[in-house]
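Here the sequence shown stands for residues 238 to 878, numbered as in our numbering. Where a beta carbon is used, it is the ideal one built from N, C-alpha and C, also for glycine.
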Amino acid sequence: MIPHDHHAHSAMPPAAEPLPAGVAKLLEDAQRALARKQPAVARAAAERAVAMLPARAETHDTLRSVYLALGQPDKALPAALRAAELAPDHPGVLSCLGDVLLELGRKEDSVDAFRKALALEEANPDRWIDLAAVLLRLNRLIDAQELLERAIARHPDNRALPFRLAAAYMEQGRSDLAARLLADALLTDLSDPQLAGFLCTVSNYMDPPDRAQIIARHRNFGRIVDLLDRQPRLTHTLPPARSDGTFPGRGRDGRIRVGFLSSDLRSHSVAFFAEPLLTALPANRFEVAVFATSPIEDDTTRRLRTAVRRRDPQALWAGVARHDGEALARAIADAKIDILIELNGLTAGNRYDALRFKPAPLIVTYLGYPNTTGLSAVDLRIVDSITDPPAPHVPSSDAASTERLVRLDPCFLCYRPPAIDASAPDLGLPDAARDSEDPSLPAITFASFNTLTKLGQTCVATWSRVLHEVPRSRLLIKSAPLGDDRTRAATAQRFAQHGIDPSRLVLRGFNTTTRDHLSEYRRVDIALDTFPYAGTTTTCEALLMGVPVVSLCPPDALHATRVGGSLLAQVNLSDLAAPTPDAFVRTAVALAADGARRAALRTTLRDTLLTGPLCDVPAFTARFADTLSSAWHAFRTKSRP
238 MIPHDHHAHS AMPPAAEPLP AGVAKLLEDA QRALARKQPA VARAAAERAV AMLPARAETH
298 DTLRSVYLAL GQPDKALPAA LRAAELAPDH PGVLSCLGDV LLELGRKEDS VDAFRKALAL
358 EEANPDRWID LAAVLLRLNR LIDAQELLER AIARHPDNRA LPFRLAAAYM EQGRSDLAAR
418 LLADALLTDL SDPQLAGFLC TVSNYMDPPD RAQIIARHRN FGRIVDLLDR QPRLTHTLPP
478 ARSDGTFPGR GRDGRIRVGF LSSDLRSHSV AFFAEPLLTA LPANRFEVAV FATSPIEDDT
538 TRRLRTAVRR RDPQALWAGV ARHDGEALAR AIADAKIDIL IELNGLTAGN RYDALRFKPA
598 PLIVTYLGYP NTTGLSAVDL RIVDSITDPP APHVPSSDAA STERLVRLDP CFLCYRPPAI
658 DASAPDLGLP DAARDSEDPS LPAITFASFN TLTKLGQTCV ATWSRVLHEV PRSRLLIKSA
718 PLGDDRTRAA TAQRFAQHGI DPSRLVLRGF NTTTRDHLSE YRRVDIALDT FPYAGTTTTC
778 EALLMGVPVV SLCPPDALHA TRVGGSLLAQ VNLSDLAAPT PDAFVRTAVA LAADGARRAA
838 LRTTLRDTLL TGPLCDVPAF TARFADTLSS AWHAFRTKSR P
């Protein structure tokens, strides 16, 4: 949840022995060029400094910072190693070496460098934060937790440490501890938007959920953001109505110009659901522009960018990772975006710092976050009638949102599965040897491939009840943190507290390829959804592989819990969306006993998914387009002088 901050700057303070004036100027020139985004100038200055004074760590460290800022860690490594050789007792240089090693995948060497830096400077809380951040990134959650607990005991007034410890708790599924820690920290600074925003994110995992408190925390975050400063919001000059009473956008030929703002247009679950909109919104009605806020570009990013430009060669794709909030807001406003669709909500990478300036006349939150943003600048939130039931449902979902809810039925999502011919393995019944009389073989394999963050205490207790009710069953949990021995042991202990022997658990980390990941479903009979934060991509993947999913969908729950119910409705499996934990247990047990139904689903569920509304891109984008057009008309009608 908390990103690791790279040292894309020099780690060296002024030395006791001054640098020659010419070399010092070159190093200053390199840092200024980096700040001005002139990497070629920065590299030339740093390389000249190294050539002039190769025996000083400062010159090599600056060259390291230049190459790291350029995204070339392989070239940064020799400079980082040489700087560490020349200044072996300098904690900043060692931390920067750790950054480079981490980028190159040398995980243990990276941890070793950060540990050495901490040992040299325990009085500096930044050294604790650096080591904790790399441990979190490597999913060594228990190690990170213990380190951060020691750090807070030593530096109780440091405001950054609770963030990291809350992340360590949360990613183990211990959201109660994370929320308590953040709430206490917020009391020391009631106006900190980062603390308030992270507390909102953690609140979605609260177990048991406290609806009123979750809503209050999101509204409080919005109030804090509104009070950050008194800078006016941006103004937008819009074209007048046409003679027929309709309203043009500011795109070519009067099309509505739709911008997408996201840090997750990469190998991320959001991309599976964003792609249909980026590539298939009707080109005769909408122009599309993209503002990508992540510095990471991968094959998914390149595929999406190519597809967007294939749809419209003049489409804007702006990499804006280094823009601050005001600069990003102005870039969006300068692009004359009519409707901005932000895909982060309050997740990591969100840009509330730009949204607060109102960079587009109409702002919509969608897809990436299962709750209101709380931001007064955001106008609409797209959901459906299952995730967010309308009045007269009590309590009505509308009251929980600061945005106006727009329900896109039958489902607010459209899933783009991995290419079936390339990534999705053939369907097959799991564990064919099970038909033998060998009592050592499991009768049923339940599974969850959701992030460990979503495994709250009630979820663990309920799944344990299912295992007790189905003799010789086992539970396969696959999540990235389970690749770590200590996190795996701690997770097994959570189930042991409910009487589940570790031998009935299969706990695994992530697979390296999509095909291997999907192949794991061939070992699974029934997927168990998480709660109070349900799965989305994982549920779609299970259905793609012919595996039915049992989900919890209480009538009074918030969006995060009810997504599973919406997805199951699209494949005619609403009976597997249970209203209570007791019903969840009964549903899972009954499905485990119904081998004929499971066998039929194994062979038909993929086709049901692919031919149903959840994967119908033309129908979905047509509904989405009509929704945007209606929202634009309603906004212009209301905003007319």
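**OP:** Measuring alpha carbon to alpha carbon, tell me which of Gly486, Gly482, Ser701 ends up nearest Thr474.
**Re:** Gly486
**OP:** With DSSP as the reference, label Arg709 as helix, strand or coil.
**Re:** coil
**OP:** Please work out which residues of its chain come closer than 6 Å, Cβ to Cβ, to Gly556, disregarding the five sequence neighbours upstream and downstream, and give them in chain order.
**Re:** Ala529
Original post:
For Pro647, which residues of its own chain have a beta-carbon under 6 Å away from its beta-carbon, when the five flanking residues on both sides are left out?
Top reply: Pro850
**OP:** Assuming Leu515 contacts Val527 (C-beta within less than 8 Å), just tell me the rounded distance between them.
**Re:** 7 Å
Original post:
Are Leu418 and Ala403 close, meaning C-beta to C-beta below 8 Å?
Top reply: yes
Original post:
Taking the runs of the beta strand (DSSP E) that are 3 residues or longer, which of them lie wholly in the region 771 to 812?
Top reply: 786 to 789
Subject >> Given 8 Å, three or more beta-carbon pairs between the region 740 to 753 and the region 860 to 871 >> reply: no
Subject >> CA-to-CA distance, Val615 to Glu512, given in whole angstroms >> reply: 22 Å
Subject >> Pairwise C-alpha distance: Thr750 and Ser803 >> reply: 28 Å
Original post:
Below 8 Å, can you find three or more Cβ-Cβ pairs linking the region 408 to 416 to the region 429 to 446?
Top reply: yes
Original post:
So what does Lys715 bridge to, in DSSP terms?
Top reply: Arg745
Original post:
Which one or two residues does DSSP pair with Val495 in a beta bridge?
Top reply: Val525, Ile576
**OP:** Buried or exposed for Gly832, please, with buried defined as at least 16 other CB atoms from any protein chain shown within 10 angstroms of its CB.
**Re:** exposed
Original post:
Would you call the CB atoms of Leu650 and Thr682 closer than 8 Å?
Top reply: no
**OP:** Identify the continuous alpha helix (DSSP H) that holds Arg352 and give its terminal residues.
**Re:** 344 to 357
**OP:** Let me know if Arg799 comes out buried or exposed under the rule of 16 or more other beta-carbons within 10 Å of its beta-carbon.
**Re:** buried
Subject >> the region 491 to 510 touching the region 602 to 618, judged by at least three CB pairs closer than 8 Å >> reply: yes
Subject >> Rounded straight-line distance, which links the Cα of Ser332 to that of Val643 >> reply: 48 Å
Subject >> Three-state secondary structure assigned by DSSP to Ala833 >> reply: helix
**OP:** Would you kindly work out how many angstroms separate the C-alpha atoms of Arg653 and Asp575, rounded to a whole number?
**Re:** 26 Å
Subject >> Neighbourhood of Arg319 by C-beta distance below 6 Å, restricted to the same chain and skipping five residues each side >> reply: His297
Original post:
Which residues mark the beginning and the end of the beta strand (DSSP E) in which Gly556 is found?
Top reply: 553 to 556
**OP:** Between the Cα of Ile763 and those of Met407, Thr774, Val786, spot the shortest distance and give me the residue it belongs to.
**Re:** Val786
Original post:
Going straight from the alpha carbon of Pro878 to that of Arg467, what length do you get?
Top reply: Since pLDDT at Pro878 reaches only 45, below the 50 mark, its modelled position is unreliable, and no value is offered.
Original post:
What does Arg618 pair with, by DSSP beta-bridge criteria?
Top reply: Thr602, Leu642
Original post:
Hey, quick one: how far does the beta strand (DSSP E) through Ala370 stretch, first residue to last?
Top reply: Per DSSP, Ala370 belongs to no beta strand (DSSP E); it is in the alpha helix (DSSP H), 362 to 374.
Original post:
Any chance the region 777 to 784 sits against the region 691 to 710, with 3 or more Cβ pairs inside 8 Å?
Top reply: no
Original post:
Exposed or buried, which one is His630 when buried takes at least 16 other CB atoms within 10 Å?
Top reply: exposed
Original post:
Which of the three DSSP states, helix, strand or coil, is assigned to Thr438?
Top reply: helix
Original post:
With distances taken between CB atoms, is the gap from Val303 to Ala283 smaller than 8 Å?
Top reply: yes
**OP:** Please go through the same chain and pick out, in chain order, the residues whose beta-carbon is closer than 8 Å to the beta-carbon of Met537, but skip the five residues on each side of it.
**Re:** The sequence shown places Thr at residue 537, not Met. Same-chain partners within the cutoff: Leu502, Arg503, Ser504, His505, Ala508.
Subject >> Sub-8 Å separation of Asp549 and Glu579 beta-carbons >> reply: no
Original post:
Among Asp853, Ala830, Ile619, which residue has its Cα nearest to the Cα of Glu706?
Top reply: Ala830
Original post:
Going by DSSP, what residues sit across from Phe683 in a beta bridge?
Top reply: Leu712, Ile763
**OP:** Starting from Met407, follow the alpha helix (DSSP H) in both directions and report where the run begins and ends.
**Re:** 398 to 407
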